[in-house]
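Quick note: the sequence shown uses my numbering, first residue 11, plus one each step.
Glycine residues also receive a C-beta, built at the ideal position from the N, C-alpha and C atoms.
Heads up, the thing below is written out as structure tokens.
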Amino acid sequence: MPAADLVIRGPRVALSESANLSSSSYPLPESIRPASIHIANGLIVAIGDYDEVPIGCAVEAASASEIIIPGLVDTHVHINEPGRTDWEGFASATRAAAAGGVTTLIDMPLNSIPPTTTVAGLEAKLAAAAGQCFVDVGFWGGVVPGNTHELAGLSAAGVVGFKCFLIHSGVDEFPNVTESELRLAMPELTRLGALLIVHAELPGPISKAGALACHTALIETGMVRQEDARAAVYQTFLDSRPRAAENEAVELMIKLAGEFGTRIHIVHHSSADALPLLREAKASGLKLTAETCPHYLYFAAEDIPDGATEFKCCPPIRERENREKLWDALESGIIDLVVSDHSPCTEKLKLKESGNFLEAWGGIASLQLRLPVMWTAAKARGFKLENLIEWLCRAPARQVGLQGRKGQIAVGCDADLVFWNPDEQFRVAPELLHHRNKLTPYRGELLQGTVEKTFLRGRKIYDGGEISRSPEGRLLLTGFHSHPVSTG
Ligand SMILES: [Zn+2]
């Protein structure tokens with residue numbers, strides 16, 4: 011064991027109780043106790059009692075009000091660089107991540123130009139990201155019609171898995187796939203051992219709802235101006251993205267997962283009506299996981315003001331009753347993890363002037379806020395810090411094969427640590443946010459829990475509002491076959 015060059019310690023440290031990192035029994039129990047974390051070359055090499063510090067070793071100590079928790083892992087982030095860097099870029103996104111206690115994020119394969127659907131697209135991403143990242147960044151590849159021959163190359167180049175859409179993605183350069191196109195790609199994904207993550211909404215129920223809504227509007231008003239007014243009402247948008255679109259998409263993916271044996275993950279799940287399907291499929295032994303997002307767990311459709319397009323995302327934020335069922339599903343393990351789906355755009359594209367929900371860009375900016383939003387809402391429902399660490403750190407790390415390296419405080423893991431004050435409150439204001447575009451539905455919300463310091467591989471990257479000057483994040487080209495490796 012190499013001698014520690016740094017000890018980070020605190021009176022309350024959230025530790026993984028199992029020393030066996032290859033253990034497949036999750037969630038592992040967590041204990042919060044006084045401890046010293048011994049670090050050499052950025053890795054945790056030992057965990058000792060609070061007072062165990064090698065003579066002459068540098069020490070960084072958390073205060074009595076702070077808990078040391080693992081750095082968060084966010085596997086659903088849209089960075090948009092190159093091509094749409096005015097929406098979000100590597101530097102601004104990873105600075106926001108550092109301030110939010112996120113030490114590892116995985117970038118989505120779309121909204122950048124080119125998208126990450128070819129090896130050349132991934133190379134463009136890597137070139138854009140190089141030297142700009144303040145936290146560690148990995149990459150999803152994309153499945154689009156006709157790119158099955160690219161999947162092996164992308165896999166070898168180190169993407170963590172592949173994303174597809176079952177409905178228009180919002181950008182034309184990342185077209186969605188149909189069932190017949192999935193039937194071409196899925197055998198290859200299974201052969202590669204790759205995880206397929208799916209935007210699970212089908213167009214059928216949405217066009218049906220759209221046609222109905224449009225029809226109703228014409229009968230009611232016959233006037234374009236009044237149709238515009240209807241488009242600024244949140245309920246109009248909610249009606250246009252019915253639960254059936256998600257329910258039918260989940261059903262399709264369960265069917266295909268059974269047929270092809272592909273590992274499937276449902277992203278940003280919102281419809282509570284599909285939860286029994288997910289539960290049954292998981293119980294039947296399918297390799298199926300699901301995530302939801304803080305906005306589905308925090309907000310309720312009934313409270314969204316007219317014209318407040320910063321709340322628009324797809325699938326939509328649904329009713330309060332739906333939200334509470336998502337919490338139940340998290341508790342019972344039907345939903346495995348909570349990631350941000352940080353998907354910002356320029357303020358202009360949110361059409362704040364007209365407040366037109368149907369035309370505005372869909373996507374919610376929240377990369378920096380996932381921990382306090384989740385703590386505020388989880389604590390109110392009686393959940394514990396252990397739950398939060400499972401949903402925000404460990405389960406996302408497992409999803410992308412980074413268990414044993416990220417998402418927990420344990421020997422052998424990277425020393426990615428957060429000094430976090432669970433009792434301090436703050437009100438969300440644009441000047442606190444490091445996202446490139448500050449528009450967010452959380453503006454003005456009073457949230458619980460503040461990130462005081464963030465460490466990436468033992469190096470302090472955030473301290474009380476200040477972000478380190480040098481971007482020391484690594485590009486994680488992990489693949490999904492072998493043990494993860496990284497490049498500079
Ligand atoms: Zn997304």
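Beta-carbon spacing of residue i, residue j below 8 angstroms
i           : j           : result
residue 125 : residue 184 : yes
residue 261 : residue 214 : no
residue 365 : residue 316 : yes
residue 285 : residue 47  : no
residue 45  : residue 16  : no
residue 157 : residue 127 : yes
residue 375 : residue 442 : no
residue 370 : residue 360 : yes
residue 167 : residue 115 : no
residue 406 : residue 142 : no
residue 150 : residue 171 : yes
residue 454 : residue 462 : no
residue 204 : residue 377 : no
residue 94  : residue 444 : no
residue 380 : residue 347 : no
residue 22  : residue 42  : yes
residue 152 : residue 78  : no
residue 306 : residue 336 : yes
residue 499 : residue 367 : The requested residue 499 is not part of the displayed model; the chain covers only 11 to 498.
residue 457 : residue 382 : yes
residue 64  : residue 14  : yes
residue 430 : residue 70  : no
residue 275 : residue 418 : no
residue 86  : residue 277 : yes
residue 57  : residue 421 : yes
residue 385 : residue 483 : no
residue 165 : residue 194 : no
Neighbour-count burial assignment, residue i, 16 or more Cβ in a 10 Å radius
i           : result
residue 350 : buried
residue 110 : buried
residue 218 : exposed
residue 399 : buried
residue 424 : buried
residue 33  : Any reading at residue 33 needs caution, since the residue's pLDDT is 41, under 50, leaving its predicted position unreliable; the model's value is listed next. Exposed is the call here.
residue 226 : Interpretation of residue 226 is limited by its pLDDT of 47, a score under 50 that renders its predicted location unreliable; the figure taken from the coordinates is listed afterwards. Exposed: under 16 other Cβ atoms inside 10 Å.
residue 397 : buried
residue 273 : buried
residue 68  : exposed
residue 11  : exposed
residue 121 : buried
residue 179 : buried
residue 433 : exposed
residue 265 : exposed
residue 488 : buried
residue 18  : buried
residue 387 : buried
residue 392 : exposed
residue 338 : exposed
residue 117 : buried
residue 390 : exposed
residue 440 : exposed
residue 66  : exposed
residue 140 : exposed
residue 242 : buried
residue 256 : buried
Expected contact under 8 angstroms - CB spacing of residue i and residue j to nearest Å
i           : j           : result
residue 160 : residue 181 : Residue 160 to residue 181, Cβ: 18 angstroms. No contact.
residue 83  : residue 416 : 5 angstroms
residue 447 : residue 355 : 7 angstroms
residue 119 : residue 173 : 6 angstroms
residue 267 : residue 292 : Residue 267 to residue 292, Cβ: 11 angstroms. No contact.
residue 280 : residue 328 : 6 angstroms
residue 270 : residue 197 : 6 angstroms
residue 333 : residue 310 : 6 angstroms
residue 477 : residue 108 : 5 angstroms
residue 216 : residue 177 : 7 angstroms
residue 436 : residue 326 : At roughly 27 angstroms, the Cβ-Cβ gap does not stay under 8 angstroms, so residue 436 and residue 326 are not in contact.
Residue i beta carbon near ligand 2 (any heavy atom closer than 7 angstroms)
i           : result
residue 177 : This structure simply doesn't include ligand 2; it includes ligand 1 instead.
Review point. Is there contact here, the segment 292–307 with the segment 335–351, by at least three beta-carbon pairs under 8 angstroms?
Key: yes
Check your understanding: Is it a yes or a no for the segment 199–213 touching the segment 240–258, going by three-plus beta-carbon pairs under 8 angstroms?
Key -> yes
Exercise for review: Indicate whether the contact test is met: 3 or more Cβ pairs, each with one atom in the segment 463–474 and one in the segment 140–150, closer than 8 angstroms.
Suggested key: yes
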